[in-house]
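Some notes on the structure that comes next.
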Amino acid sequence: MTFRFDKLGVVIAAIAAYAVFAAPFATLRANRIVPGEARSILEALPQTLGPLLLAVVVVAAVVALLKTPLILRLAASVVALAALALLIGVAGSFLTPEGNSFARISPASGFWLLIFAFTLLLADVLTRLNLSPSARIGVLVVAAAAIGMLLVSGSWNSLSILKEYANRADSFWAEGSKHVTLALGSLAAAVLVGLPLGILCHRVEKLRAGVLNVLNIIQTIPSIALFGLLIAPLGWVATHVPGAASLGIRGIGTAPAFVALFLYSLLPVVANTVVGLAGVPRAANDAARGMGMTERQRLFGVEFPLAFPVILTGIRIVLVQNIGLATIAALIGGGGFGVFVFQGVGQTAMDLVLLGAVPTVATAFAAAIILDAVIEMTSTRRRVAQPA
Amino acid sequence: MKEAGVKAWLPSLLRLALVVLLIAFVTNPGWFEPLLKPLTESNAPAIYNQGSLLALTLLHLRTVLIATVAATIVAVALAILVTRPAGVEFLPLSRSLVNIGQTFPPVAVLALAVPAVGFGEKPTLIALFLYGLLPIFENALTGLTTLPANVVEAARGAGMTGWQRLVKVELPLSAPIILGGIRLSVVISLATATIGSTVAARTLGEVIIAGLLSNNLAFVLQGGLIVAALAVLIYDGLSAIERYTARRMGQETA
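Line by line, the protein sequences give chains A and B. End of the first sequence sits at 387 in numbering that gives the first Met the number 0; the numbers just go up one at a time, nothing left out. End of the second sequence sits at 253 in numbering that gives the first Met the number 0; the numbers just go up one at a time, nothing left out.
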């Protein structure tokens, strides 16, 4: 019997070996801002669990290294990730000195590298399985539920990032909902304005280059500057337009952040609407005209449905971009997860940075997966609907 | 090309004016003080006074240049690797990784790089490098996987080795698309570098953040406008190079 090596498996096994033997698994710090001491897997876990985790990692790495069936690789990556997720929580309570509320235990580079290695394996398996869009959303839901259960069960409560959360539980959810409102609200506004503008640009050729150029230039203004530049005009509106201030329009805070995100969102929406409508096959339009459809019927019955996947791609770009950019709103008092990121940078408290960064990345990631799946569903349905 | 006259040379003239204006502003910001003065309150300085705008502009450009060159080398090398027979196993995975990578907001990358390398220019370079990789890699991949099959076949038929095909046929043919990726990456980096100043990197973001902190709109405006002007000019310049290479490729393959 001969063994054959999997090329990606070699990379994964190398990362895992380095993570286990040369990198710390957890860091122990006397308080939240001092440098920490490193702990290896065997030092960070109670007696039986340390060797157990080592064994799981080694077996999973060997499964990855050799050419093995996909289902086995899937099992190996899921088991390894689950073991890591569970045991880092155990390490947290094990390393925390009795009755000490200042000590901070955080996952260290070895832990993150192991997570990275086995996520790579999982991503590879999922890519090769070529899952249907709804199955991909299913995987996302299962993963989110698993993480949610770990969070609710309290098994991670002794980790530093959750200690930061415990200190700020209220403001976390308030900033979180502000973040989502900013990202989704500006997207909705951009779609409401961008779609008609895109249709107009498609119909009126003279307008097209001008509008797209202006939107392109807006994109080049750095986000922090655009946020800052909107403070003055909105402040003016707030003081001079009756009723504006009571609507929440103010110079600093959410209003300039909302407007800036809206302006950045316009280009992808308008450009993709134009591209999508331009890509509608001539034959489809001719057929619709031949059937005696009115302009409006043709737009909503033919052009729009056919261009929909492309328009949706623009919306995906905007949503992921907005979730990321909304972090910058914190700089001008607009709130959002960025508040924790910038506070953390200011206090050199990295756990606080993570408290802001991790939910941002997770939301953006989930949004990307869901919208990608929806885009694939709509475009395949269209292909089935009109063969040829 | 369709119509000669004013319309044909107007864009070039505008660009030239922008270049002159930009150079005048960063070398002699004092000339523009009267224009910016109305934006300040209670006699605050109208021109950034905690460092030279020219030096900051050059540092900003240097940061973007280093990050882009590194990102280009790595992204193109990776794209070449996954499109060779030996690396083709990595192709689907690399596509998903690029998709995942794009969901990381630059601010998060920047903030998370700080514990690893400390404050200053390094975390900014890392964030710009990682963020710049994606568009270049994606475009290089598109370029290398959508080459006209008959051209590649012809090169193979002519007895070219794998290396010769890569250097003489595949890379030159996909050069315009790769350049498009570099252009995107540079424009994103120019704007993202300003955020680097939140972790104490010396870029034009320093001017904007100083303005935000002291409520001085003139600072925000001058920092933002310099970056925007740089982005527009570099975008245009790279587009021109792109069109030039595309034309050359068109002639050579025709």
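Note that CB positions come from ideal geometry on N, CA and C, so glycine has one too.
Asked, Found
"Let me see if you follow: with CB-CB separation under 8 Å, is Y234 of chain B close to chain A or not?", "yes"
"Are any of the Cβ atoms in chain A nearer than 8 Å to that of S188 of chain B?", "no"
"Relative to the C-alpha of A81 of chain A, which residue among A:N30, A:M349, A:L51 is closest?", "A:L51"
"Just the C-alpha distance for V61 of chain A and A54 of chain A, rounded to the nearest angstrom, thanks.", "11 Å"
"Flag P37 of chain B as yes if its beta-carbon sits less than 8 Å from any beta-carbon of chain A, otherwise no.", "no"
"What does a CB cutoff of less than 7 Å around A69 of chain B pick up in its chain, not counting 5 residues either side in sequence?", "F128"
"Counting only the same chain and skipping the five closest in sequence on each side, list residues whose C-beta sits under 7 Å from that of P171 of chain B.", "M248"
"Helix, strand or coil for I104 of chain A per DSSP?", "strand"
"Alpha carbon to alpha carbon, how far is P84 of chain B from R38 of chain A? Give it in angstroms, no decimals.", "42 Å"
"Assuming N30 of chain A contacts F101 of chain A (C-beta within less than 8 Å), just tell me the rounded distance between them.", "5 Å"
"Rounded to the nearest angstrom, what separates V210 of chain A and L212 of chain B at their Cα positions?", "33 Å"
"Between S378 of chain A and chain B, is any beta-carbon pair separated by less than 8 Å?", "no"
"Return the first residue and the last residue of the alpha helix (DSSP H) that A81 of chain A is part of.", "69 to 94"
"So, at 6 Å on beta carbons, what are the nonlocal neighbours of G197 of chain A in its own chain, with the 5 sequence-adjacent residues on each side left out?", "V269, T272, V273"
"So, do the segment 192 to 206 of chain B and the segment 14 to 27 of chain B have three or more beta carbon pairs nearer to each other than 8 Å?", "no"
"If you check the beta carbons only, do C200 of chain A and L191 of chain A fall under 8 Å apart?", "no"
"Straight-line CA distance for L13 of chain B to I146 of chain A?", "54 Å"
"Go ahead and pull the three-state DSSP assignment for A294 of chain A.", "The question names Ala, but residue 294 of chain A is Glu in the sequence shown. E294 of chain A falls in the helix class under three-state DSSP."
"Helix, strand or coil: which one does DSSP assign to F115 of chain A?", "helix"
"Can you name the start and end residues of the beta strand (DSSP E) that R182 of chain B belongs to?", "Careful: R182 of chain B lies outside any beta strand (DSSP E), inside the alpha helix (DSSP H) at 170 to 194."
"Mind pulling the chain B residues with CB within less than 8 Å of G343 of chain A?", "A110"
"Name the DSSP bridge partner or partners of L158 of chain A?", "A:I104"
"Are the segment 64 to 79 of chain B and the segment 179 to 191 of chain B in contact at 8 Å, needing three or more beta carbon pairs?", "yes"
"Since F364 of chain A meets chain B, which of its residues come closer than 9 Å, beta carbon to beta carbon?", "I99, T102, F103"
"Which of helix, strand or coil does DSSP assign to L27 of chain A?", "strand"
"Starting from A37 of chain A, follow its DSSP beta bridges and name the residues at the other end.", "A:T26"
"In angstroms, rounded to a whole number, what distance separates the CA positions of A110 of chain B and L124 of chain B?", "12 Å"
"Excluding the 5 residues preceding and the 5 following N11 of chain A in the sequence, name in chain order all residues of the same chain whose CB lies nearer than 8 Å to its CB.", "At residue 11 of chain A the sequence reads Ile, which differs from the Asn that was named. Correct list, in chain order: A60, A63, L64, A116, F117, L119, L120."
"I'd like the list of long-range same chain contacts for P105 of chain B, defined as Cβ closer than 7 Å, with 5 residues on each side in sequence excluded.", "A126, Y130, T191, I194"
"What did DSSP end up calling L229 of chain A once you bin it into helix, strand or coil?", "coil"
"Mind checking W235 of chain A: buried by the 16 CB within 10 Å criterion, or exposed?", "exposed"
"Tell me the rounded alpha-carbon separation between A43 of chain B and A231 of chain A.", "16 Å"
"When the Cβ atoms of the segment 15 to 22 of chain B are set against those of the segment 157 to 166 of chain B, are three or more pairs found closer than 8 Å?", "no"
"Starting from S133 of chain A, find everything on chain B with Cβ-Cβ shorter than 8 Å and list it in chain order.", "Within chain B, no residue comes near S133 of chain A; the closest Cβ sits about 18 Å away, beyond 8 Å."
"What did DSSP end up calling F263 of chain B once you bin it into helix, strand or coil?", "Only positions 0 to 253 of chain B appear in the structure, and residue 263 of chain B is not among them; the question remains open."
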